[in-house]
Amino acid sequence: MAPQSTVVTSAHQSTLVLMPDADLSPTFTVGELTDAINAQLKSGFGGGVWVTGEISGYRDQGQHTYFSLVEDIDGKKAMVNVALFANVKRNLRPMLASNRLELQDGTKVRVFGTLDVYAPSGRLSLKISDLDPRFTLGDITASRDRVRNALTVEGLLRRNAEHSIPTVPLRVAVVTSIGSAAWHDFTVELGSSGFGFHLLAFDARVQGDQAEEMVIAGISAAVEHGADVIAVMRGGGARNDLAAFDTEGIARAIATCPLPVITGLGHEIDTTIADEVAHTALKTPTACAGWLIERVQRFVDDTESRWTAIAERVSFELAGHADRLESRASRVVTRTNSAIERSAERLRSRQDRLARTSVTLERIEMSMMERERRLALLDPARLLERGWTMTTTLDGRPVMSIADLSQGDELVTRVADGTVTSTVTATTPEEQ
8 MAPQSTVVTS
18 AHQSTLVLMP
28 DADLSPTFTV
38 GELTDAINAQ
48 LKSGFGGGVW
58 VTGEISGYRD
68 QGQHTYFSLV
78 EDIDGKKAMV
88 NVALFANVKR
98 NLRPMLASNR
108 LELQDGTKVR
118 VFGTLDVYAP
128 SGRLSLKISD
138 LDPRFTLGDI
148 TASRDRVRNA
158 LTVEGLLRRN
168 AEHSIPTVPL
178 RVAVVTSIGS
188 AAWHDFTVEL
198 GSSGFGFHLL
208 AFDARVQGDQ
218 AEEMVIAGIS
228 AAVEHGADVI
238 AVMRGGGARN
248 DLAAFDTEGI
258 ARAIATCPLP
268 VITGLGHEID
278 TTIADEVAHT
288 ALKTPTACAG
298 WLIERVQRFV
308 DDTESRWTAI
318 AERVSFELAG
328 HADRLESRAS
338 RVVTRTNSAI
348 ERSAERLRSR
358 QDRLARTSVT
368 LERIEMSMME
378 RERRLALLDP
388 ARLLERGWTM
398 TTTLDGRPVM
408 SIADLSQGDE
418 LVTRVADGTV
428 TSTVTATTPE
438 EQ
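In the numbering used here, the protein residues as written are 8 to 439.
Structure (structure tokens):
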């Protein structure tokens with residue numbers, strides 16, 4: 008029998024509304040309605056339903072965990088509340104660990120569970136009983152591939168690798184969570200080296216909603232302050248903890264950075280897009296520090312090696328010069344001694360010659376004295392003193408023969424104490 012209806016009119020409307028007869032329609036209490044809805048949900052969705060979405064509002068409450076699965080539909084978000092109870096968490100933990108996954112805000116998941124309206128709050132919730140890790144891993148891979156392809160097409164994938172690392176990279180900008188284990192490991196390792204590293208620290212969250220924005224800001228600030236190299240680091244964690252470093256924003260910030268960027272994201276197995284675009288990708292912050300130390304140590308070793316080579320070369324050259332100098336000095340001494348000996352010999356020879364010359368000079372002197380004596384005997388003045396005379400013509404020509412004279416020639420006759428002038432009156436030849 009169909010329920011009876013009554014007609015309700017309104018002073019403001021002319022529409023007729025037919026309402027079931029209150030006495031004949033079934034009526035539910037709130038609890039009964041909740042039970043009925045849950046029964047319909049169970050009937051409509053069988054033993055459960057698989058749902059995909061992005062985790063939002065992740066929070067632990069006691070031993071249980073609650074969050075929402077959200078989906079962006081034409082700019083509007085669809086959302087369903089999710090409950091993950093302690094027993095299910097224990098069951099899922101080994102599977103999550105083996106796949107290096109961790110449930111957190113921003114992670115896209117495919118979960119299985121039953122729909123239920125919780126009577127005290129009237130909220131519809133999905134009670135999780137299982138999770139498909141392949142969906143999350145596939146989403147991470149797909150997102151990574153999309154970013155990689157975009158950067159490859161634009162020629163950005165290895166652009167940062169083209170930058171030169173300074174020979175001694177001591178001024179290091181660090182983009183990480185200051186005070187974290189990553190920061191501690193990095194600074195302790197650098198400090199143990201004994202080198203004078205100068206660190207510029209730029210604090211940034213390395214996972215969660217704000218990670219991408221803060222890491223990009225840190226890289227930009229590092230460029231403004233100037234550094235030899237920028238180190239972007241974080242500690243270990245689940246695979247999807249690295250989600251920020253697979254984003255296109257961070258990848259572009261590193262790829263287009265005018266300074267060389269090294270990464271140490273704390274994962275021995277997983278590689279992010281940030282690692283792929285960085286100048287050099289290291290596994291951990293400690294490895295980043297070791298890499299920097301190794302470069303500085305290489306410079307120190309190279310410098311010491313060159314100094315050693317220079318010192319050895321100088322020693323070799325000095326030794327060679329010393330040998331040559333000693334050899335030359337020896338030759339100089341030998342030649343000097345020889346020269347002195349030759350000079351001494353020449354001196355002795357000259358002394359002998361001088362001695363002989365003295366005797367010769369004495370003989371010459373005696374000879375000259377004898378000649379002087381003889382010349383003195385031939386001196387006309389001496390002859391005149393002995394009574395001889397010397398006759399010349401008026402012009403000074405000696406009269407050697409009567410043939411040189413004529414009668415009337417005037418003659419000058421020198422005697423010891425003067426001259427006598429006479430005239431030729433006659434000449435008488437000497438009888439034969």
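C-beta: ideal position from N, C-alpha, C; glycine also.
{"Check": "Residue ranges of each beta strand (DSSP E) within the stretch 165-226, 3 or longer", "Outcome": "178-183, 205-210"}
{"Check": "Contact the stretch 113-122 vs the stretch 132-143: 3+ CB pairs below 8 Å", "Outcome": "yes"}
{"Check": "Exposure of T426, with buried meaning 16 or more beta-carbon neighbours within 10 Å", "Outcome": "exposed"}
{"Check": "Boundaries (first-last residue) of the alpha helix (DSSP H) holding S413", "Outcome": "Element bounds for S413: n/a, residue is neither H nor E."}
{"Check": "Per-residue DSSP class, three states only, for D248", "Outcome": "helix"}
{"Check": "Whole-number beta carbon distance between N45 and D123, since they are thought to touch under 8 Å", "Outcome": "6 Å"}
{"Check": "DSSP three-state assignment for M407, whether helix, strand or coil", "Outcome": "coil"}
{"Check": "Beta carbon of E255 nearer than 8 Å to that of A168", "Outcome": "no"}
{"Check": "Supposed contact pair V87 and L76 - C-beta distance, whole angstroms, cut 8 Å", "Outcome": "5 Å"}
{"Check": "Three-pair Cβ contact test at 8 Å for the stretch 173-181 versus the stretch 194-208", "Outcome": "yes"}
{"Check": "DSSP state of T420 mapped onto helix, strand, coil", "Outcome": "strand"}
{"Check": "E333 versus T341 - alpha carbon distance", "Outcome": "12 Å"}
{"Check": "CA-to-CA distance, E377 to R363, given in whole angstroms", "Outcome": "21 Å"}
{"Check": "Contact under 8 Å by Cβ, V284 with A258", "Outcome": "yes"}
{"Check": "Nearest residue (CA-CA) to L91, options F35, I62, D411", "Outcome": "I62"}
{"Check": "L163 to D146 span [Cα, whole Å]", "Outcome": "23 Å"}
{"Check": "Endpoints, beta strand (DSSP E) assigned at N88", "Outcome": "83-91"}
{"Check": "C-alpha distance - T420 paired with R360, whole-angstrom precision", "Outcome": "52 Å"}
{"Check": "Burial state of R1 (16 or more Cβ within 10 Å)", "Outcome": "Absent from the structure is residue 1, since the part of the chain shown begins at 8 and ends at 439."}
{"Check": "Residue range of the unbroken beta strand (DSSP E) whose run includes A238", "Outcome": "236-240"}
{"Check": "Presumed contact (8 Å Cβ cut-off) between P267 and I172, rounded CB distance", "Outcome": "5 Å"}
{"Check": "Spatial distance of G69 from F306 (CA atoms)", "Outcome": "55 Å"}
{"Check": "Spatially closest choice to V236 from Y73, L385, G54, I300, by CA coordinates", "Outcome": "I300"}
{"Check": "Cutoff 7 Å; reference D216; Cβ partners in own chain excluding five residues on either side", "Outcome": "D112, G113"}
{"Check": "Local conformation of T428 per DSSP, three classes", "Outcome": "strand"}
{"Check": "T278 and A288 closer than 8 Å at C-beta", "Outcome": "yes"}
{"Check": "Straight-line Cα distance separating L138 from T270", "Outcome": "32 Å"}
{"Check": "Closest residue to T435 among R302, V422, E417, L412 (Cα-Cα distance)", "Outcome": "L412"}
{"Check": "V239 versus S322: straight-line alpha-carbon distance, rounded", "Outcome": "47 Å"}
{"Check": "Range covered by the beta strand (DSSP E) that runs through W57", "Outcome": "56-68"}
{"Check": "D79, enclosing beta strand (DSSP E) - first and last residue", "Outcome": "71-80"}
{"Check": "Cβ-based burial, S17 [other Cβ within 10 Å; buried from 16]", "Outcome": "Confidence is the limiting factor: at S17 the pLDDT is only 39, short of 50, which leaves the residue's position unreliable, though a coordinate-based value still follows. Classification for S17: exposed."}
{"Check": "Inter-residue spacing [alpha-carbon to alpha-carbon] between T22 and F35", "Outcome": "Annotation note: pLDDT 47 at T22 (below 50); position unreliable, coordinate value reported separately. Taking the straight line joining both Cα atoms gives about 28 Å."}
{"Check": "Limits of the unbroken beta strand (DSSP E) element including S132", "Outcome": "130-138"}
{"Check": "Continuous beta strand (DSSP E) stretch holding L163: start and end", "Outcome": "Counting along the chain, L163 falls outside any beta strand (DSSP E), and DSSP gives it neither H nor E."}
{"Check": "Whole-angstrom distance between R389 and V406, CA atom to CA atom", "Outcome": "19 Å"}
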